[in-house]
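In terms of the working numbering, the sequence shown opens at residue 7 and continues consecutively.
Quick reminder that beta carbons are idealized off the backbone N, C-alpha and C, glycines included.
Scroll down for the structure; my scribbles are underneath it.
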Amino acid sequence: MRFRVLLGAAVLGAATLSGPVLAQQDPATPPAVAAKVALRGPAQGIAITEMRLVRRNDVLVVQADFTNMEQPDRTVFYRFKWLDGVGNQVGDGEVWKQMRMLGLAQQTVKSVAPHAAAVDLRLEMNVESR
């Protein structure tokens, strides 16, 4: 009985912690893309509407479409974190890049994995008001 109470508390705690992270995603971001995005704060109307991931010459290449779904301009800071087969980071990591998103605009960004060992990625991003 005590095990069930502890298990229930653990599941409830995990659901409580993961809820706000999922709620921060813009509804226009598809669930498959949202699984690869790590937001640092609210999305403020910025959605990743599409992400294309291909392997060229044994190296992963990604293109992501950022869309500002609202009228005000936003500043987006982003970087790609490349992961190997067990989820460890490949390479030293990228620097944060800054991008200005005008109201209701769309922009495509591209990145290439630093090593052929990369099999997955996470797009980390932070959105700030003008």
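Put simply, the stretch 91–105 touches the stretch 116–123. At least three CB pairs are less than 8 Å apart. Going by C-alpha positions, L89 is about 8 Å away from R128. Assignment of V39 by DSSP, reduced to helix, strand and coil, places it in the helix class. Under the rule that a run must span 3 or more residues, the beta strand (DSSP E) segments found entirely inside the stretch 59–98 read 65–74 and 80–89. In this structure, the CA atom of R80 is about 35 Å from the CA atom of V92. The DSSP-derived three-state label of E100 is coil. Under DSSP, the beta-bridge partners assigned to L129 are V43 and F86. By DSSP's assignment, A53 forms a beta bridge with T73.
Short of 6 Å from the beta carbon of M57, and not among the five residues preceding or following it, lie these beta carbons of its own chain, in chain order: V39 and A70. Its Cα nearest to that of L66, the residue K116 stands out among G51, K116, N132 and E130. For the pair P33 and V60, the Cα-to-Cα distance works out to about 25 Å. Considering only D126, E76, Q77 and Q104, the residue with the shortest C-alpha distance to Y84 is Q104.
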